[in-house]
Amino acid sequence: MKEKEYLYKLMHSVLIQIRAEAYERNDKKSFRLCDLLHNVPLKLLTIEQDNGYIKIYQELVRYAKSNGMEPWLDSEIKEIEKS
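Take 11 as the starting number for the sequence shown in this note's numbering and just add one per residue.
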């Protein structure tokens, strides 16, 4: 189980680092993407029931809507559904 925790925490850490670098470079798109997703790995780590995935996804959608990222998220979901 440690490995699962390591992987999720590594993803979280990397997204935080990328977000910080994007901020320094004034790369708004990368910053916003990392800001949108950086907490997801830690939330996934704590899920105990299937409905937890639904709650995390709903939070992600709300955040995307409130930060003007809904078109990006919709486009990504459509691509995922195609594969």
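In this text, a Cβ means the ideal position worked out from N, Cα and C, and glycines have one as well. All values reported here derive from a predicted model rather than from experimental measurement.
| Item | Value |
| --- | --- |
| Using the beta-carbon count (16 or more within 10 Å), is LEU25 buried or exposed? | buried |
| For GLU69 versus LYS53, is the C-beta distance shorter than 9 Å? | yes |
| Look at the alpha carbon of TYR63 and the alpha carbon of ILE57, and state the distance between them as a whole number of angstroms. | 7 Å |
| Return the CA-CA distance between SER23 and ASN36, expressed in angstroms with no decimal places. | 20 Å |
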